[in-house]
Amino acid sequence: MAMLGVIGVLLLAAALYFWMIMPRVNHRPDMTYFKEWMYAHRGLHDNGSEAPENSMRAFQKAVEAGFGIELDIQLSKDGVVVVFHDFTLKRACGRPGKVGDYTWKELQEFSLFGSGERIPRLEDVLKMVAGRVPLIVEFKIERTNLSLCPAADRLLRDYGGSYCMESFNPLAVWWYRRNHRDIVRGQLSDGFLREKEYRGLLGFLLQNLCLNWLGRPDFIAYNHKYPNILSRKLCRELYKSTAAAWTIKSREQLARAKKNFDLFIFDSFVPNVKM
1239 MAMLGVIGVL LLAAALYFWM IMPRVNHRPD MTYFKEWMYA HRGLHDNGSE APENSMRAFQ
1299 KAVEAGFGIE LDIQLSKDGV VVVFHDFTLK RACGRPGKVG DYTWKELQEF SLFGSGERIP
1359 RLEDVLKMVA GRVPLIVEFK IERTNLSLCP AADRLLRDYG GSYCMESFNP LAVWWYRRNH
1419 RDIVRGQLSD GFLREKEYRG LLGFLLQNLC LNWLGRPDFI AYNHKYPNIL SRKLCRELYK
1479 STAAAWTIKS REQLARAKKN FDLFIFDSFV PNVKM
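For the sequence shown, the working numbering begins at 1239 and goes up steadily by one.
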């Protein structure tokens, strides 16, 4: 009887695990168009040039070269949706504090990587791209404040081009599941424990996609260095979810990643335009 009890517990734990990591499987949107493109990470950028990451010029260059674009968004102090990666301004602008500590007008005083470019508004990027290439919009949400989601969604609902959303924060993916479920949504993840970014239970849950039950994502975007994470492989091979690779930095990395991923985000080299 004791052995049967142990087996029952193990089967229940396995069933719970498969339920937790399961992406969206019913009424899944078609991602064929998105998989036809290569995506320039933060635009076609060079931080030592006049086209630094997440700048209007980097996005213009990506469009002109025929690449899709991956970009990052967050909120300014006065609620403007801006395109910027880091939560702090130090690396890109050499200034103290976070993006959310400054108003949109104040942010315009800071240059990006010493160039003539400034932090752009999402609204202006959308107008410039005008649907010519698809967008992967990463929602940068540090903890549990989801005010970025409705603010960005208001802009994106009026956008005529193709886009999808993704986030490391499962709550952002959950928000889209609840409020705009016809939009393709993606869960970003990494080998957090291996990279020593997180420790303990949270790192384990995020690395192993155990919070997928919140957002039921349509695709999993994972650090290409860790293709053999079991949960990632199950999402692609068992549940047939699209697998996106970030960030590919050479043709050699791209060739290796094609065995395990379906969609590719790149920087530091220029690949062929389409897959």
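Positions of the beta carbon are idealized from the N, C-alpha and C atoms, including for glycine.
Straight-line measurement puts the Cα of residue 1299 at about 17 Å from the Cα of residue 1359. Apart from the 5 residues on each side of it in sequence, residue 1464 sits with its Cβ closer than 8 Å to the Cβ of 1428, 1429, 1432, 1470 in its chain, given in chain order. DSSP, reduced to helix, strand and coil, places residue 1366 within a helical segment of the structure shown. Look at the region 1271-1348 and you find these whole runs of beta strand (DSSP E), each 3 residues long or longer: 1276-1279, 1306-1313, 1319-1321. Around the beta carbon of residue 1279, a 10 Å sphere encloses 16 or more other beta carbons of the protein chains shown; the residue is thus reported as buried. Residue 1243 sits in a helix when the DSSP states are folded into three classes. Counting only runs that start and end inside the region 1400-1448, the beta strand (DSSP E) elements of at least 3 residues fall at 1401-1405, 1423-1427.
Judged by DSSP in its simplified three-state form, residue 1501 adopts strand. The C-beta distance from residue 1458 to residue 1481 rounds to 6 Å, short enough to meet the 8 Å contact threshold.
For residue 1373, the enclosing beta strand (DSSP E) begins and ends at 1373-1377. Between the alpha carbons of residue 1374 and residue 1499 lies a gap of roughly 16 Å. DSSP places residue 1461 inside the beta strand (DSSP E), whose first and last residues are 1457-1461. For the pair of segments examined, the region 1408-1425 was found not to touch the region 1240-1260: the number of CB pairs separated by less than 8 Å stays below three.
The C-beta distance from residue 1327 to residue 1319 rounds to 17 Å, too long to fall under 8 Å, and the pair is not in contact. Straight through space, the alpha carbons of residue 1291 and residue 1255 are spaced by roughly 38 Å. Judged by DSSP in its simplified three-state form, residue 1356 adopts strand.
Linking residue 1395 to residue 1316 through their CA atoms gives a straight-line distance of about 21 Å. When DSSP states are grouped into helix, strand and coil, residue 1467 belongs to the coil group. Proximity to residue 1354 across 1370, 1285, 1382, 1438 peaks at 1285, based on C-alpha coordinates.
When C-alpha distances from residue 1340 are compared across 1325, 1504, 1329, the shortest belongs to 1325. Between residue 1305 and the set 1475, 1275, 1334, 1362, the nearest pair of CA atoms involves 1275.
Non-local C-beta neighbours of residue 1288 in its own chain, meaning closer than 8 Å and more than five positions away in sequence, comprise 1295, 1353, 1354, 1355, ordered along the chain. Note on geometry: alpha-carbon atoms of residue 1487 and residue 1244 lie some 47 Å from one another. Using a Cβ-Cβ distance cut-off of 8 Å, the region 1364-1380 and the region 1398-1412 are in contact, since at least three pairs of beta carbons, one from each stretch, lie closer than that value. For residue 1480, the enclosing beta strand (DSSP E) covers residues 1480-1486.
The beta carbon of residue 1399 sits closer than 6 Å to those of 1369, all from its chain and outside the five residues before and after it, given in chain order.
Under the three-state reduction of DSSP output, residue 1510 falls in the coil class, being neither helix nor strand. Setting aside the 5 residues that flank it on each side, residue 1337 is surrounded in the same chain by 1312, 1322, each with a C-beta closer than 6 Å to its C-beta; the list follows chain order.
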